[in-house]
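Structure first, then comments.
In our numbering, the protein residues as written are 21 to 123.
This is the structure:
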């Protein structure tokens, strides 16, 4: 779910120049959990929401000339990330690194 939330954060930022609103973040989590017919404790969801924002911000360039293209992100946006693309591998590595550092 963390990778999925980071993707949603990055796509939203790329398209709107704003980060994902809390209500959309909650809905994204619900959609992901529903698609997998699973549950997640509310405290864990809060932690994941914060983590997704931190990871997304660390990946997002503040240089306006270097804004990431939305097209690779849209391809990653599905619930099941294709781990064969460079973008997906980089994203997963960032998420794994964050989890190892913070859990």
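Cβ atoms here follow ideal geometry from the backbone N, Cα and C, with glycine treated the same way.
Which two residues bound the contiguous alpha helix (DSSP H) that contains residue i?
i	result
residue 34	22-36
residue 121	106-122
residue 62	62-79
residue 52	42-55
Do you know offhand how far residue i's Cα is from residue j's?
i	j	result
residue 57	residue 21	13 Å
residue 111	residue 117	10 Å
residue 123	residue 113	15 Å
residue 121	residue 48	24 Å
residue 70	residue 105	25 Å
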